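Each residue of the sequence shown is one higher than the one before, starting from 1 at the first, in UniProt numbering.
Notes follow once the structure below has been shown.
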Amino acid sequence: AWEMWSARRGMELVDPLLGTQCNKAEVERCMQIGLLCVQEGSCQRPSINDIIGMLQNADGSPVLRQPKRPASYLGDALPTPTSSSRPIDQTCSVNDITLTT
């Protein structure tokens, strides 16, 4: 989503079955709000009240700030498909937390 947004190709994320039924400005505004919600620092993210206001004012006011690259952006770090039929070995971690009282 970030790559498409920054390349001004956000509409490519819309389901083709919707065709021309969706409002391009609304789609782009929702994408922008979504990207603002995944900013690295919590102080850079909008509050829930701000988000509600942004969604209620679909006419474009207030003007939203431009999102920066999300904190979890992987970009070129994603594995590329290989010609081999073997699955690519990937390392992952699962973080668990247990709370007791």
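Glycine is no exception: its CB is placed at the ideal position from the N, C-alpha and C atoms.
Since this is a predicted model, take the numbers as computed values, not measurements.
As assigned by DSSP and simplified to three states, the class of Val-27: When secondary structure is reduced to three states using DSSP, Val-27 falls in the helix class.
Inter-residue spacing [alpha-carbon to alpha-carbon] between Thr-20 and Leu-36: Taking the straight line joining both Cα atoms gives about 26 angstroms.
Exposed unless 16 or more other CB atoms sit within 10 angstroms - verdict on Met-4: Exposed, because fewer than 16 other Cβ atoms sit within 10 Å of the Cβ of Met-4.
Residue range of the alpha helix (DSSP H) that includes Met-54: Counting along the chain, the alpha helix (DSSP H) containing Met-54 begins and ends at 48–56.
Limits of the alpha helix (DSSP H) - the one that Met-4 falls within: First-last of the alpha helix (DSSP H) with Met-4: 2–6.
Where Cys-43 sits in the DSSP three-state scheme: Helix at Cys-43.
Spatially closest choice to Glu-40 from Gly-53, Arg-8, Arg-69, Ser-47, by CA coordinates: The option with the nearest alpha carbon to Glu-40 is Arg-69.
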